[in-house]
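*Asks:* Let me begin by handing over the structure; questions about it come next.
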Amino acid sequence: MSGEIFHPMENSDQVDSKTWNPLQCPLCNEPYENPCILHCFHSFCERCLRGRALDSKMKCPVCGTTTHLKDGAVLPPRDLLLKFMVESSTDEKAPCANCDSFESSAMFFCNTCCQPLCSTCREETHRARMFATHDLVLMNKRTRDIHKRCSLHGEPYIMFSMEKKIMLCINCFRDMRIESRTHCVDLETAYNQSCKKLDHSVQAIRDLQHSVRDGIHLLRTLLDEIKENAEKEQKSLMDLYTAVVDKMQQTKDMLLEEVDSQYREKEKMFKAQLMTLSTLLPTLHVHLVMSGAFSSATNKFEFLDWLISLEPLLFHSAQHRMSRPCVTSSARLWAPAIPASNVSQSTLVPNMSPVTARRSNGLNGAKVKFIDAKGQFADHCVEFESAHRDLIQKLEKMKITCQEVQRDVTMRRCLARKDEIQRLQDHIEGLLQQLETHFITLDGKKLALEKHWEESLQRIANEQDLYQAQLNDVKRLKAESDRLRLITSQLTSFVSSITAVTERLSPKLSNSYHSSEQDNQMSALLEEINAVQPDSQQRVEAIRDAEEERQTKSASRTNPLDCELIKTKGMLKAPSVRDRRDSTSLKRDSSALVIEDSSTSVIANVVVTVSTNSSPGDVISEP
Numbered sequence: 001m002s003g004e005i006f007h008p009m010e011n012s013d014q015v016d017s018k019t020w021n022p023l024q025c026p027l028c029n030e031p032y033e034n035p036c037i038l039h040c041f042h043s044f045c046e047r048c049l050r051g052r053a054l055d056s057k058m059k060c061p062v063c064g065t066t067t068h069l070k071d072g073a074v075l076p077p078r079d080l081l082l083k084f085m086v087e088s089s090t091d092e093k094a095p096c097a098n099c100d101s102f103e104s105s106a107m108f109f110c111n112t113c114c115q116p117l118c119s120t121c122r123e124e125t126h127r128a129r130m131f132a133t134h135d136l137v138l139m140n141k142r143t144r145d146i147h148k149r150c151s152l153h154g155e156p157y158i159m160f161s162m163e164k165k166i167m168l169c170i171n172c173f174r175d176m177r178i179e180s181r182t183h184c185v186d187l188e189t190a191y192n193q194s195c196k197k198l199d200h201s202v203q204a205i206r207d208l209q210h211s212v213r214d215g216i217h218l219l220r221t222l223l224d225e226i227k228e229n230a231e232k233e234q235k236s237l238m239d240l241y242t243a244v245v246d247k248m249q250q251t252k253d254m255l256l257e258e259v260d261s262q263y264r265e266k267e268k269m270f271k272a273q274l275m276t277l278s279t280l281l282p283t284l285h286v287h288l289v290m291s292g293a294f295s296s297a298t299n300k301f302e303f304l305d306w307l308i309s310l311e312p313l314l315f316h317s318a319q320h321r322m323s324r325p326c327v328t329s330s331a332r333l334w335a336p337a338i339p340a341s342n343v344s345q346s347t348l349v350p351n352m353s354p355v356t357a358r359r360s361n362g363l364n365g366a367k368v369k370f371i372d373a374k375g376q377f378a379d380h381c382v383e384f385e386s387a388h389r390d391l392i393q394k395l396e397k398m399k400i401t402c403q404e405v406q407r408d409v410t411m412r413r414c415l416a417r418k419d420e421i422q423r424l425q426d427h428i429e430g431l432l433q434q435l436e437t438h439f440i441t442l443d444g445k446k447l448a449l450e451k452h453w454e455e456s457l458q459r460i461a462n463e464q465d466l467y468q469a470q471l472n473d474v475k476r477l478k479a480e481s482d483r484l485r486l487i488t489s490q491l492t493s494f495v496s497s498i499t500a501v502t503e504r505l506s507p508k509l510s511n512s513y514h515s516s517e518q519d520n521q522m523s524a525l526l527e528e529i530n531a532v533q534p535d536s537q538q539r540v541e542a543i544r545d546a547e548e549e550r551q552t553k554s555a556s557r558t559n560p561l562d563c564e565l566i567k568t569k570g571m572l573k574a575p576s577v578r579d580r581r582d583s584t585s586l587k588r589d590s591s592a593l594v595i596e597d598s599s600t601s602v603i604a605n606v607v608v609t610v611s612t613n614s615s616p617g618d619v620i621s622e623p
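Taking full-length UniProt numbering, the leading residue of the sequence shown gets 1, the next gets one more, and so forth.
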């Protein structure tokens with residue numbers, strides 16, 4: 001191999017992407033030996049790239065992309081994925097270990113014996129019962145020990161880390177952090193997910209391949225079109241040159257030069273795009289073939305092991321975007337080459353424009369937009385508009401008079417009177433004096449207007465500060481309302497728990513609570529009646545009926561303790577004086593004990609209920 005640099009191909013027909021073997025080096029057309037990958041993802045044999053490095057840089061022989069080598073390196077890094085594909089293709093062609101025959105249709109591999117077998121030997125040698133436990137698989141799906149077991153612990157792989165993109169054995173999984181274990185899945189799930197990602201990437205590359213092919217076809221069509229257009233234009237220009245040789249000699253040379261320059265520019269641009277797409281198409285085909293071969297030639301262990309090398313390659317290829325060239329017609333292509341004809345103009349007044357254009361420009365320039373309809377600046381604008389409008393009208397009249405005089409001299413061929421010219425000059429001098437006075441007056445208002453503008457800026461700043469303070473107050477009230485709502489929601493659980501305990505201990509308090517609720521409802525009803533139609537007969541009757549209903553319910557309300565007290569009194573006998581004195585002291589002691597026990601049980605129940613619902617410290621700690 002010589003060390004000269006390979007020049008990029010000029011014609012896309014040099015590479016046939018359909019017949020090109022992706023496992024062969026494009027330089028030597030032989031199977032890859034220790035393939036190396038460049039930054040542009042083009043791979044070549046190690047011996048084909050030797051001697052091509054210059055100043056730690058190496059240009060790609062296919063696309064010309066520069067690859068920066070690492071310090072002290074003379075070759076780019078090895079393409080381990082491509083090397084694996086080459087070795088896999090070589091292993092698939094291994095002959096049978098028993099009969100040395102080779103079947104192109106189906107070859108098997110015994111993972112237990114680690115030997116390839118043909119279909120005949122598989123039936124003959126592994127039919128016995130002693131070979132029933134042997135693991136027989138297809139040759140392209142055989143599992144190598146290096147991919148099946150962990151290189152650190154020697155245990156079989158059982159998990160796959162989606163975070164680190166590596167397979168894990170049981171010991172590797174135990175050594176991982178707890179946070180990293182959540183990113184681990186089983187091998188079957190990881191294999192299915194990775195297959196889906198690979199399918200999406202392959203589909204994106206396939207779409208890009210179609211776009212590249214369409215772009216190549218379009219660019220070739222454009223090249224033919226511009227070549228045909230150039231030939232037509234050259235022929236027409238030569239005919240024009242023959243007809244008007246004496247008058248169009250200079251124009252002919254200029255047009256031919258313009259045509260040739262545009263043709264060279266377009267040809268160079270389209271050829272550059274064609275070269276880029278032509279070099280991209282074989283790469284896309286290689287990646288597609290490699291992806292298909294990789295997917296079919298590997299099992300899930302090998303697939304997951306080499307997936308980290310395949311993903312950046314497919315991602316880089318899918319990032320290319322097909323740019324569509326602009327399709328231009330021949331008239332648009334050669335329009336800049338034809339200069340516009342020069343139209344003769346009057347030399348007396350070369351810059352004179354129509355009066356209508358001047359009027360429109362003058363009136364548009366006098367329009368002023370201001371925000372406030374009243375104020376110092378608004379009054380100034382009104383005063384300025386009135387004075388400025390008069391000056392514009394005078395100027396327009398003088399323009400018309402001057403134009404009429406110019407027409408009399410140039411077109412009508414008649415004499416103009418001197419007194420009219422003198423009067424026009426006097427009017428112009430007077431207009432200039434008025435404009436000078438108008439300018440001085442306008443300039444004299446500058447200090448007052450600047451002071452007004454400073455006050456306006458200060459007022460706007462104060463309004464902005466006040467508005468910001470209002471926003472801050474609303475935000476503060478909103479935050480306090482949120483905290484109050486949180487405190488109320490926490491207190492609700494305590495109140496409900498204490499209410500339940502109180503109802504269990506004292507039903508009378510519960511009845512009084514319900515009666516108070518009814519009273520509140522009745523009061524709300526009375527207030528609603530009062531608000532709907534005050535001082536009416538209907539309101540008086542409604543109040544009377546509500547009061548009677550409330551009194552009836554209060555009279556019919558019974559105390560359950562009264563019934564118990566009546567029953568207890570009926571069971572008691574009239575005691576003697578001594579017994580009455582002893583029983584009185586005994587009742588006093590027992591009532592004290594009962595009250596103490598009841599209060600203790602109530603407090604204990606309240607504390608237990610509160611502690612089960614939520615912590616009181618949460619409410620106390622709230623502001």
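Cβ coordinates follow ideal geometry from the N, Cα and C atoms, glycine included.
No experiment lies behind these values; they were computed from the predicted model shown.
1) Provide the residue(s) that pair with Ser43 in DSSP beta bridges, ordered along the chain.
2) Over the uninterrupted alpha helix (DSSP H) stretch that includes His285, give me the two end residues.
3) Ordered along the chain, which non-local residues of its own chain (more than five positions away) have a Cβ less than 8 angstroms from that of His126?
4) Thr65: which of Asn229, Pro22, Leu218, Thr276 sits nearest, CA to CA?
5) Which value, in whole angstroms, describes the spacing of the CA atoms of His68 and Ile166?
6) Taking DSSP as the reference, what is the three-state secondary structure of Thr67?
7) What's the C-alpha gap between Cys113 and Ala106?
8) Name the two residues that bound the continuous alpha helix (DSSP H) containing Lys57.
9) Does Pro95 pass the burial test, meaning 16 or more other C-beta atoms within 10 Å, or should it be called exposed?
10) Going by DSSP, what residue range makes up the beta strand (DSSP E) through Cys118?
11) Would the stretch 24-32 count as touching the stretch 41-59 if we require 3 or more Cβ pairs under 8 angstroms?
12) Residue range of the beta strand (DSSP E) that residue 636 falls in?
13) Pull up the distance between the alpha-carbon of Glu257 and that of Leu219, whole angstroms please.
14) With DSSP run on the structure shown, which of helix, strand or coil describes Arg407?
15) Under 8 angstroms by Cβ, that's how I've got Ile158 and Ile170 pegged, so tell me the actual separation to the nearest angstrom.
16) Between the alpha carbons of Glu463 and His39, how many angstroms are there, rounded?
17) Can you list, in chain order, the residues of its chain whose CB lies under 6 angstroms from that of Ser43, leaving out five sequence neighbours each side?
18) Roughly how many angstroms separate the alpha carbons of Phe270 and Leu223, rounded to a whole number?
19) Going by DSSP in three states, Leu138 sits in which element: helix, strand or coil?
20) Relative to the alpha-carbon of Pro156, which residue among His287, Ser236, Leu168, Asn21 has its alpha-carbon at the smallest distance?
21) Residue range of the beta strand (DSSP E) that Val185 falls in?
22) Which residue from Cys381, Gln434, Phe377 puts its Cα closest to that of Lys394?
23) In angstroms with no decimal places, state the Cα-to-Cα distance between Asp443 and Gln262.
24) I think His452 touches Gln403, with their Cβ atoms under 8 angstroms apart; what is that distance to the nearest whole Å?
25) In whole angstroms, what separates the C-alpha of Ser291 from that of Pro312?
26) With a cut-off of 8 angstroms on the beta carbons, I'd call His438 and Ala387 a contact; round off their distance for me.
27) Enumerate in chain order the residues of its own chain whose CB-to-CB distance from Asp597 is below 7 angstroms, with the five nearest sequence positions on each side excluded.
28) To the nearest angstrom, report how far apart Ile226 and Glu265 are at their CA atoms.
29) With a threshold of 16 other CB atoms inside 10 Å of the CB of Asn21, please say whether the residue is buried or exposed.
30) Please determine if the stretch 189-208 and the stretch 291-304 are in contact, where contact requires at least 3 C-beta pairs separated by less than 8 angstroms.
31) Check the C-beta distance from Tyr32 over to Val74 and give it rounded, since I have them as a contact under 8 angstroms.
32) Would DSSP call Cys99 helix, strand or coil?
33) Buried or exposed for His285, please, with buried defined as at least 16 other CB atoms from any protein chain shown within 10 angstroms of its CB.
34) Secondary structure at Arg483, three-state DSSP: helix, strand or coil?
*Replies:* For this structure:
1) Indexing the sequence shown from 1 puts residue 43 at position 43. Among the bridge pairs identified by DSSP, Ser43 is matched with Ile37.
2) On the sequence shown, position 285 is the one that residue 285 refers to. Residues 249-297.
3) Walking along the sequence shown from the start, residue 126 turns up at place 126. Cys110, Leu117, His134, Leu136.
4) Here residue 65 corresponds to residue number 65 of the sequence shown, with the count starting at 1. The residue with the shortest Cα to Cα distance from Thr65 is Thr276.
5) Numbered from 1 along the sequence shown, position 68 holds the residue referred to as residue 68. Numbered from 1 along the sequence shown, position 166 holds the residue referred to as residue 166. C-alpha separation (whole angstroms): 28 angstroms.
6) Working through the sequence shown from its first residue, we reach residue 67 at position 67. Three-state DSSP puts Thr67 in a strand.
7) Here residue 113 is taken as the residue at index 113 of the sequence shown, counted from 1. Here residue 106 is taken as the residue at index 106 of the sequence shown, counted from 1. Cys113 and Ala106 have their C-alpha atoms some 18 angstroms from each other.
8) For this step, residue 57 is matched to residue 57 along the sequence shown. Note, Lys57: premise wrong, no alpha helix (DSSP H); beta strand (DSSP E) at 57-59.
9) To locate residue 95, count along the sequence shown from 1; it is residue 95. Answer is exposed; the Cβ neighbour count stays below 16.
10) Mapped onto the sequence shown, residue 118 falls at position 118. For Cys118, the enclosing beta strand (DSSP E) begins and ends at 115-118.
11) Yes, since at least three Cβ pairs between the stretch 24-32 and the stretch 41-59 fall closer than 8 angstroms, the two stretches touch.
12) Not covered by the structure: residue 636. The range shown for the chain is 1 to 623.
13) Along the sequence shown, one-based indexing puts residue 257 at 257. Along the sequence shown, one-based indexing puts residue 219 at 219. Spanning the alpha carbons of Glu257 and Leu219 requires a straight line of approximately 24 angstroms.
14) Against the sequence shown, residue 407 aligns to sequence position 407. Arg407 falls in the helix class under three-state DSSP.
15) Translated into the one-based positions of the sequence shown, residue 158 becomes position 158. Translated into the one-based positions of the sequence shown, residue 170 becomes position 170. By a beta-carbon distance limit of 8 angstroms, Ile158 contacts Ile170. Their separation comes to about 6 angstroms.
16) As a working mapping, residue 463 is identified with position 463 in the sequence shown. As a working mapping, residue 39 is identified with position 39 in the sequence shown. If I take the Cα positions, the gap works out to 60 angstroms.
17) Working through the sequence shown from its first residue, we reach residue 43 at position 43. The residues are Pro35, Ile37, Asp79, Leu82.
18) As a working note, residue 270 is residue 270 in the sequence shown. As a working note, residue 223 is residue 223 in the sequence shown. Roughly 7 angstroms separates the two Cα atoms.
19) The count along the sequence shown starts at 1 and reaches residue 138 at position 138. Strand at Leu138.
20) Locating residue 156 in the sequence shown gives position 156, where the first residue counts as 1. Looking at the Cα atoms, Leu168 is the closest of the given residues.
21) Stepping through the sequence shown from its first residue, residue 185 is reached at position 185. Residues 184-186.
22) Looking up residue 394 in the sequence shown gives position 394. Out of Cys381, Gln434, Phe377, Gln434 has the C-alpha closest to the C-alpha of Lys394.
23) On the sequence shown, position 443 is the one that residue 443 refers to. On the sequence shown, position 262 is the one that residue 262 refers to. In this model, Asp443 and Gln262 are separated by some 56 angstroms (Cα to Cα).
24) Residue numbering aside, residue 452 sits at position 452 when the sequence shown is read from its first letter. Residue numbering aside, residue 403 sits at position 403 when the sequence shown is read from its first letter. Actually they are not in contact, since the Cβ atoms of His452 and Gln403 sit about 42 angstroms apart, beyond 8 angstroms.
25) If you number the sequence shown from 1, residue 291 lands on position 291. If you number the sequence shown from 1, residue 312 lands on position 312. The alpha-carbon separation between Ser291 and Pro312 amounts to approximately 13 angstroms.
26) Working through the sequence shown from its first residue, we reach residue 438 at position 438. Working through the sequence shown from its first residue, we reach residue 387 at position 387. His438 to Ala387, Cβ: 6 angstroms. Contact.
27) Position 597 of the sequence shown, counted from the first residue, corresponds to residue 597. At Asp597, the pLDDT of 45 sits below 50, so the modelled position is not reliable; the number obtained from the coordinates is stated separately. For Asp597, where only same-chain residues beyond five positions count, there are no Cβ hits under 7 angstroms.
28) Counted from its first residue, the sequence shown places residue 226 at position 226. Counted from its first residue, the sequence shown places residue 265 at position 265. CA-CA distance, Ile226 to Glu265, rounds to 11 angstroms.
29) Translated into the one-based positions of the sequence shown, residue 21 becomes position 21. By the neighbour-count rule (16 or more Cβ atoms within 10 Å), Asn21 is not buried but exposed.
30) The stretch 189-208 vs the stretch 291-304: in contact.
31) Counting from one through the sequence shown, the residue named residue 32 turns up at place 32. Counting from one through the sequence shown, the residue named residue 74 turns up at place 74. 19 angstroms between Cβ atoms; not a contact.
32) To locate residue 99, count along the sequence shown from 1; it is residue 99. Note: Cys99 maps to coil in three-state DSSP.
33) For this step, residue 285 is matched to residue 285 along the sequence shown. So His285 counts as buried.
34) The count along the sequence shown starts at 1 and reaches residue 483 at position 483. Of the three classes helix, strand and coil, the one that applies to Arg483 here is helix, per DSSP.
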